[in-house]
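Below is one structure, written out as structure tokens; comments come after it.
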Amino acid sequence: MSDPIAEAIARLRARQGPQGDAAVSPHAEPSVQAVRMAEALLFAAAEPLDAETLAARLPAGTDIPATIARLQEKYAEAGVRISEVGGRWRFETAPDLAYLLAEIREEPKKLSQAALETLSIIAYHQPVTRAEIEEIRGVAVSKGTIDLLFELKWIRLRGRRRSPGRPVTFGTTDAFLEYFGLAAITDLPGLGDLKAAGLLSSRLPANFDIPDPARIGDDEDPFDDEDSAHFHLDFLEGAEEEREE
Amino acid sequence: MSDPIAEAIARLRARQGPQGDAAVSPHAEPSVQAVRMAEALLFAAAEPLDAETLAARLPAGTDIPATIARLQEKYAEAGVRISEVGGRWRFETAPDLAYLLAEIREEPKKLSQAALETLSIIAYHQPVTRAEIEEIRGVAVSKGTIDLLFELKWIRLRGRRRSPGRPVTFGTTDAFLEYFGLAAITDLPGLGDLKAAGLLSSRLPANFDIPDPARIGDDEDPFDDEDSAHFHLDFLEGAEEEREE
Amino acid sequence: MSDLFEEDVRFEAASDAEETGSALILDIEGWEGPLHLLLHLARKNKVDLAKISILALAEQYLVFIEQAREKRLDIAAEYLVMAAWLAYLKSRLLLPKPRPESDEPEPEMMAAALAFRLMRLDAMRAGGEALYERQLLKRDVFERGAPEGVRSIRAPQYEASLFDLLKAYAGTREKFAFSTYEPEKPKVYSLEVARARLSLLAKRLTGWERLDSLLPGDDELGPDAPPPASLMASSLLAALEITKDGEAALRQEAVYGPIWMRGQEGRS
Chain D
0 MSDPIAEAIA RLRARQGPQG DAAVSPHAEP SVQAVRMAEA LLFAAAEPLD AETLAARLPA
60 GTDIPATIAR LQEKYAEAGV RISEVGGRWR FETAPDLAYL LAEIREEPKK LSQAALETLS
120 IIAYHQPVTR AEIEEIRGVA VSKGTIDLLF ELKWIRLRGR RRSPGRPVTF GTTDAFLEYF
180 GLAAITDLPG LGDLKAAGLL SSRLPANFDI PDPARIGDDE DPFDDEDSAH FHLDFLEGAE
240 EEREE
Chain W
0 MSDPIAEAIA RLRARQGPQG DAAVSPHAEP SVQAVRMAEA LLFAAAEPLD AETLAARLPA
60 GTDIPATIAR LQEKYAEAGV RISEVGGRWR FETAPDLAYL LAEIREEPKK LSQAALETLS
120 IIAYHQPVTR AEIEEIRGVA VSKGTIDLLF ELKWIRLRGR RRSPGRPVTF GTTDAFLEYF
180 GLAAITDLPG LGDLKAAGLL SSRLPANFDI PDPARIGDDE DPFDDEDSAH FHLDFLEGAE
240 EEREE
Chain Y
0 MSDLFEEDVR FEAASDAEET GSALILDIEG WEGPLHLLLH LARKNKVDLA KISILALAEQ
60 YLVFIEQARE KRLDIAAEYL VMAAWLAYLK SRLLLPKPRP ESDEPEPEMM AAALAFRLMR
120 LDAMRAGGEA LYERQLLKRD VFERGAPEGV RSIRAPQYEA SLFDLLKAYA GTREKFAFST
180 YEPEKPKVYS LEVARARLSL LAKRLTGWER LDSLLPGDDE LGPDAPPPAS LMASSLLAAL
240 EITKDGEAAL RQEAVYGPIW MRGQEGRS
């Protein structure tokens with residue numbers, strides 16, 4: 000990427016610049032403050048800055064190439080450096096340290112609304128079957144959403160409902176609690192809390208209620224860990240069937 | 000604005016850290032390369048980095064606090080500096096150069112008096128319940144206020160108070176610390192003074208065993224203590240019922 | 000009408016306002032609650048909140064509320080509750096020292112507690128302001144403009160907070176709650192319909208007919224038929240009305256006996 004020779008030449012030229020131009024230009028050596036200012040501007044800028052932009056911000060009469068040269072000198076041995084791209088300057092990581100960044104550039108992903116809704120319904124209504132989730136949401140739950148929540152280890156299979164077809168039920172995991180900073184599932188805010196926080200309208204119908212997530216489903220046969228492994232396959236098949244019904 | 004004394008102490012502490020621990024810790028002085036690496040990582044970071052992240056990327060056995068202290072020293076006079084927010088570190092521009100960056104400067108939206116008071120109460124009293132906020136302010140908390148603070152991502156639900164009614168509690172977030180440039184919640188302005196003055200109890204101190212005017216529902220005679228206790232229970236039962244509706 | 004009295008009051012208020020137009024303007028809305036008003040009054044005295052005379056403060060508060068009431072400003076109940084409490088506290092504080100035996104707390108204690116609450120509210124206010132005195136991100140200090148994306152290893156992979164989760168849940172449930180909740184409309188046989196129908200019938204009646212035999216049947220009303228009680232009630236009222244208008248005649252021979260109706264034109 001970088002060309003050390005070109006760099007050295009650039010640095011030399013930058014350093015020589017003010018000397019060479021000394022007779023023509025009335026510029027003084029850049030002040031410490033001017034260098035600090037250029038440093039802050041280049042740091043905070045969202046894109047590389049050109050000489051005009053810098054000149055407009057630095058004290059009048061500041062020698063921009065000399066200021067840049069100063070900064071380049073200052074950062075010559077540092078973990079970052081000032082590089083020139085298309086006549087403009089920017090900070091960048093020293094090339095020998097680029098490997099440090101390679102594996103860790105990751106934008107935080109946004110969880111889809113469908114995933115958030117599904118997850119929240121599982122949290123509040125657990126143990127809950129897929130059909131029940133769909134009834135609450137009013138739309139089908141895609142397999143991708145459930146898969147993602149499993150992948151994130153936020154939901155688990157809890158057991159099978161003792162009802163026709165014995166559908167599997169979902170619940171949340173300890174990882175879910177940890178991620179969302181809950182000490183226990185019973186810490187989820189209740190109806191009154193949601194109203195108080197302005198999340199729910201205070202004029203909801205009287206029969207509106209929120210289940211207590213702490214309740215133990217006594218109409219289901221819980222999985223133990225071993226079952227869970229077995230049933231995972233069942234579940235996937237079952238889920239397919241359920242959707243096709 | 001900035002507190003040079005606190006800063007100086009922090010810097011000193013960071014610098015003394017490795018020396019004081021020298022007997023215990025096998026850490027060597029951070030190598031030049033380790034300092035460069037930390038510099039590159041912090042420069043490239045999209046968010047403040049914690050010690051754990053730095054330790055994972057720097058050569059094994061690097062003394063992270065000492066490395067940070069080295070960098071802080073290096074940048075002490077520069078146009079950018081390293082600051083600690085919420086127990087993590089970030090590069091930021093020197094505050095005296097804020098005027099230079101006027102174009103990207105965001106005038107913070109002025110919080111309403113109610114929101115500001117509520118935020119302050121949550122910050123100083125956390126974990127704090129809604130009832131406690133209302134007791135301190137002497138008025139009901141409007142829905143919009145809590146909602147706004149949530150949207151700003153400055154407050155979060157912390158859990159539930161282990162007390163009758165199990166009310167949810169609020170606290171501040173890392174984003175709050177980052178926005179206000181606080182290294183830790185213990186760095187809140189004047190925290191020590193307020194503590195010493197006993198002003199950080201959300202309930203009245205035990206020796207103030209009095210009826211509370213804000214708690215009186217209608218035009219009625221002040222409670223004596225016994226009534227007060229009853230009223231309190233009534234209130235909690237009421238809250239229970241509401242939740243169960 | 001009979002609300003002369005009320006008009007009188009309004010009139011008085013209007014003239015009052017004219018006469019005392021230059022008097023102290025009271026803006027009760029300027030304070031969020033009695034505690035905020037008290038704090039404002041205390042602040043105006045420019046004294047140390049810890050040393051403030053609660054007696055003097057109570058006095059000022061009561062004067063303020065009194066003035067506000069004279070101006071007939073709407074005063075929220077909570078302000079009046081505080082006024083009542085302060086009046087009570089004031090009287091307790093003014094009582095001579097050896098007080099009658101009582102379970103009630105010492106007034107000095109109550110005063111100290113109020114002073115404490117004022118100090119605490121003041122401190123929280125100051126705390127909030129002090130936060131904005133700090134070096135704020137994007138106002139006083141700036142992060143790297145073009146970060147290269149390094150993140151904390153413990154940084155969450157997804158931008159989802161508990162609040163987002165709760166919002167999603169509340170949104171889903173609310174949407175559903177409102178979309179399915181429709182209060183059932185009470186089924187009522189309307190008076191207008193009954194009247195139009197009976198007045199038409201009355202013209203054709205040649206002799207006395209029992210009113211209940213004239214009620215509309217299920218075939219006429221369809222599946223959404225109102226309950227018989229409503230049919231009877233509306234029809235009876237309609238029958239009375241058309242009788243009053245001279246379109247029909249009604250008669251009942253005994254208490255709870257059947258009601259008979261005949262058209263006026265049918266009389267011979």
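Chains as they are written, first to last, in numbering that gives the first Met the number 0: chain D, 0 to 244; chain W, 0 to 244; chain Y, 0 to 267. Think of the CB as a built atom: it goes at the ideal place given N, C-alpha and C, for glycine as much as any other residue.
Residue-chain proximity (residue 243/W, chain Y), Cβ-Cβ < 9 Å | For the purposes of this step, residue 243/W is identified with residue 244 of the second sequence, where counting begins at 1. With a pLDDT of only 37 at residue 243/W, under 50, the local geometry of the prediction cannot be trusted, and the value read off the model is given with reservation. Judged by the 9 Å Cβ criterion, residue 243/W is not in contact with chain Y.
Residues near residue 176/W in its chain [Cβ-Cβ closer than 6 Å; skip 5 each side] | Along the second sequence, one-based indexing puts residue 176/W at 177. Cβ-Cβ distances below 6 Å link residue 176/W to 84, 85 in the same chain, with the five nearest sequence neighbours on each side left out; the list follows chain order.
For residue 65/Y, which of 82/Y, 49/Y, 54/Y, 161/Y has the nearest alpha-carbon?
-> Numbered from 1 along the third sequence, position 66 holds the residue referred to as residue 65/Y. Taking residue 65/Y as reference, the option from 82/Y, 49/Y, 54/Y, 161/Y with the minimal CA-CA separation is 82/Y.
Can you tell which of 32/W, 76/W, 80/W, 29/W has its C-alpha closest to the C-alpha of residue 143/Y?
-> The sequence position of residue 143/Y within the third sequence is 144, counting from 1. Closest option to residue 143/Y, Cα to Cα, is 80/W.
Which residue's Cα is closest to the Cα of residue 55/W: 46/W, 74/W, 33/W, 76/W?
-> Along the second sequence, read from residue 1 onward, the residue named residue 55/W stands at position 56. Nearest of 46/W, 74/W, 33/W, 76/W to residue 55/W, Cα basis: 33/W.
Where residue 40/W meets chain D, residues with beta-carbon distance less than 9 Å | Residue mapping note: residue 40/W aligns to position 41 of the second sequence, counting from 1. Within chain D, the residues near residue 40/W are 78, 92, 96, 99, 100, 103.
Per-residue DSSP class, three states only, for residue 185/Y = Here residue 185/Y corresponds to residue number 186 of the third sequence, with the count starting at 1. Correct three-state label for residue 185/Y: coil.
Are the region 197 to 206 of chain Y and the region 157 to 165 of chain D touching, with three or more C-beta to C-beta distances below 8 Å?
-> Result no; under three Cβ-Cβ pairs closer than 8 Å.
Hey, quick one: how far does the alpha helix (DSSP H) through residue 201/W stretch, first residue to last?
-> Reading the second sequence from its first residue, position 202 is the one you call residue 201/W. Residue 201/W -> no alpha helix (DSSP H), and no H or E assigned at all.
Beta carbon proximity, residue 118/D to chain B, threshold 9 Å | In summary, chain B is missing from the structure at hand, where the protein chains are D, W and Y.
Taking Cβ-Cβ distances shorter than 9 Å, what residues in chain D pair up with residue 156/Y?
-> Translated into positions along the third sequence, residue 156/Y becomes position 157. Per Cβ cutoff of 9 Å: 105, 107, 108, 151.
What residues of chain D sit near residue 163/Y, judged by a beta carbon separation below 7 Å?
-> Counting from 1 along the third sequence, the entry for residue 163/Y is found at position 164. Simply 115.
Put residue 115/Y into one of helix, strand or coil per three-state DSSP.
-> Taking the first residue of the third sequence as position 1, residue 115/Y is located at position 116. Here residue 115/Y sits in helix by DSSP.
Buried or exposed (CB count within 10 angstroms, at least 16 for buried), residue 258/W = With chain W represented from 0 up to 244, any question about residue 258/W goes unanswered, as that position is not in the structure.
Residue nearest to residue 112/Y in terms of C-alpha spacing, selected from 139/Y, 243/Y, 50/Y = What you label residue 112/Y is simply residue 113 of the third sequence in a count that begins at 1. Taking each of 139/Y, 243/Y, 50/Y in turn and checking the Cα distance to residue 112/Y, the smallest one comes out for 50/Y.
Do you know how far the Cα of residue 61/Y is from the Cα of residue 68/Y?
-> For this step, residue 68/Y is matched to residue 69 along the third sequence. For this step, residue 61/Y is matched to residue 62 along the third sequence. Approximately 10 Å, taken between the alpha carbons.
Any C-beta of chain Y sitting closer than 9 Å to the C-beta of residue 74/D?
-> The sequence position of residue 74/D within the first sequence is 75, counting from 1. Chain Y, which has no Cβ nearer than 9 Å to the Cβ of residue 74/D, makes this no.
Pairwise C-alpha distance: residue 125/D and residue 135/Y = Taking the first residue of the third sequence as 1, we reach residue 135/Y at position 136. Taking the first residue of the first sequence as 1, we reach residue 125/D at position 126. Using only the alpha carbons, I get a separation of about 42 Å.
Check the Cβ-Cβ distances between residue 43/W and every residue of chain D, and say whether any is below 9 Å.
-> Along the second sequence, one-based indexing puts residue 43/W at 44. Interface residue, yes.
Mind the definition here: the region 129 to 149 of chain D touches the region 120 to 129 of chain Y only if three or more C-beta pairs lie below 8 Å; say whether that holds.
-> The region 129 to 149 of chain D is not in contact with the region 120 to 129 of chain Y.
Do you know how far the Cα of residue 245/Y is from the Cα of residue 227/Y?
-> By one-based count along the third sequence, residue 227/Y stands at place 228. By one-based count along the third sequence, residue 245/Y stands at place 246. For residue 227/Y and residue 245/Y, the distance between alpha carbons rounds to 26 Å.
Should residue 89/Y be labelled buried (16 or more other beta-carbon atoms within 10 Å of its own) or exposed?
-> Position 90 of the third sequence, counted from the start, is the residue given in the question as residue 89/Y. A buried status is given to residue 89/Y, since no fewer than 16 other beta-carbon atoms sit within 10 Å of its beta-carbon.
Does residue 136/D get closer than 9 Å to chain Y when you measure Cβ to Cβ?
-> Translated into the one-based positions of the first sequence, residue 136/D becomes position 137. Closer than 9 Å to some Cβ of chain Y, the Cβ of residue 136/D qualifies, so yes.
The alpha helix (DSSP H) enclosing residue 248/Y, as first and last residue numbers = Numbered from its first residue, the third sequence carries residue 248/Y at position 249. That residue, residue 248/Y, is in no alpha helix (DSSP H); its beta strand (DSSP E) goes 247 to 251.
Compare the Cα-Cα distances from residue 75/W to each of 141/D, 210/D, 35/D and report the closest residue.
-> The sequence position of residue 75/W within the second sequence is 76, counting from 1. Closest option to residue 75/W, Cα to Cα, is 35/D.
Please name the residue in 169/Y, 73/Y, 139/Y, 59/Y whose C-alpha comes closest to that of residue 112/D.
-> Looking up residue 112/D in the first sequence gives position 113. Checked all of 169/Y, 73/Y, 139/Y, 59/Y; the closest Cα to residue 112/D is 169/Y.
Report the option in 183/W, 91/W, 136/W whose CA atom is closest to the CA atom of residue 139/Y.
-> For the purposes of this step, residue 139/Y is taken as residue 140 along the third sequence, with counting starting at 1. Out of 183/W, 91/W, 136/W, 91/W has the C-alpha closest to the C-alpha of residue 139/Y.
Check whether the Cβ of residue 164/W lies closer than 9 Å to any Cβ atom in chain Y.
-> Reading the second sequence from its first residue, position 165 is the one you call residue 164/W. Cβ-Cβ to chain Y under 9 Å: no for residue 164/W.
Whole-angstrom Cβ separation of residue 65/W and residue 29/W, contact assumed at under 8 Å?
-> The count along the second sequence starts at 1 and reaches residue 65/W at position 66. The count along the second sequence starts at 1 and reaches residue 29/W at position 30. Contact between residue 65/W and residue 29/W holds: their C-beta atoms lie close to 5 Å from each other, under 8 Å.
Roughly how many angstroms lie between the CA atoms of residue 257/Y and residue 194/D, to the nearest whole one?
-> As a working note, residue 257/Y is residue 258 in the third sequence. As a working note, residue 194/D is residue 195 in the first sequence. Distance between residue 257/Y and residue 194/D, taken at the CA atoms: about 55 Å.
Please list the partners that residue 143/Y has in chain D, where partner means a Cβ-to-Cβ separation under 8 Å.
-> Translated into positions along the third sequence, residue 143/Y becomes position 144. Within chain D, the residues 42, 43, 90 have their CB atoms less than 8 Å from the CB of residue 143/Y, given in chain order.
Please confirm if residue 150/Y has its CB atom under 9 Å from at least one CB of chain D.
-> As a position in the third sequence, residue 150/Y is number 151, starting the count at 1. Judged by the 9 Å Cβ criterion, residue 150/Y is in contact with chain D.
Within chain W, partners of residue 197/D - CB distance below 7 Å = Counting from 1 along the first sequence, the entry for residue 197/D is found at position 198. In chain order: 142, 143, 145, 146.
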